[in-house]
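Have a look at the structure below, then the notes.
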Amino acid sequence: MAADIVESEEGSQETPQEAHVPEEKAEPPRELLSDALRKDASHPVFGKDFKPTLCLELGGDADVRSLLEQAALKTNPVCFLTRLEASETLKGTQPVLSDRIQCFLPRLLNKVDVLVLSPESNDKNNQILPFISRLLAPKGRYYLLLSADDKPVELCRQMGKKGLVSREVISKQIARGGTFSVFCFTHKK
70 MAADIVESEE GSQETPQEAH VPEEKAEPPR ELLSDALRKD ASHPVFGKDF
120 KPTLCLELGG DADVRSLLEQ AALKTNPVCF LTRLEASETL KGTQPVLSDR
170 IQCFLPRLLN KVDVLVLSPE SNDKNNQILP FISRLLAPKG RYYLLLSADD
220 KPVELCRQMG KKGLVSREVI SKQIARGGTF SVFCFTHKK
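Residue numbers (the working numbering): 70 to 258.
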């Protein structure tokens, strides 16, 4: 499992198009999760006082831009400028290769502001579920893309037992893949 860490501040900006991924070949579930991250950035539940400093994306494909990076670049001009500066100094997102989340636990307990499981890694969800509530900061968010086959009601109930509440951020019928929804999980207040 790979993880990308992205730091961000507030703002908005259009995301540059990815030259290596033609628009018509973009994977619909991945795009839906990216749309949900952008939509939720301005959700009134979190308001202007939510300024994530530690974002963790689990999974993903090394050939595809990080979902968190996409969302940050689209919604945050400071992040866009920081990315340009980072690329000039050879710094940027920090991929970490690991097949388990345990290596992060001691350092990241209650510190992750935004946690995303990329669609390519949904099969890993059961491995990380026990750790979600311990990783999330008090105002942290966990984003997860689910299909009807993933039994979202059952999963939301299970997360509720771990002290997390859920809400559906976005849902979309995808012609060749059924209905997908992105859920956001946060600590109960």
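We treat Cβ as the ideally placed atom computed from N, Cα and C, and that holds for glycine.
For residue i, count neighbouring C-beta atoms within 10 Å of its own C-beta (all shown protein chains included) and say buried if the count is 16 or more, exposed if not.
| i | result |
| --- | --- |
| L214 | buried |
| L125 | buried |
| T122 | exposed |
| G209 | buried |
| C253 | buried |
| V222 | exposed |
| D109 | buried |
Run through the DSSP bridge pairs and tell me what residue i is partnered with.
| i | result |
| --- | --- |
| L223 | Note on identity: in this sequence residue 223 is Glu, with Leu being the wrong assignment. Note: E223 sits in no beta bridge, so no partner. |
| I239 | V251 |
| R210 | V183 |
| S216 | F249 |
| V233 | This sequence places Leu at residue 233; Val is not what is there. The partner list for L233 (beta bridge, DSSP) reads H256. |
Over what stretch of residues does the beta strand (DSSP E) that includes residue i continue unbroken?
| i | result |
| --- | --- |
| Q196 | Premise fails: Q196 lies in the alpha helix (DSSP H), N194 to I197, not in any beta strand (DSSP E). |
What residue range is occupied by the uninterrupted alpha helix (DSSP H) comprising residue i?
| i | result |
| --- | --- |
| L204 | I201 to L204 |
| L178 | Run containing L178: none; DSSP gives neither H nor E here. |
Measuring CB atoms only, is the stretch 226-236 touching the stretch 174-187, in the sense that at least three cross pairs come out at less than 8 Å? no
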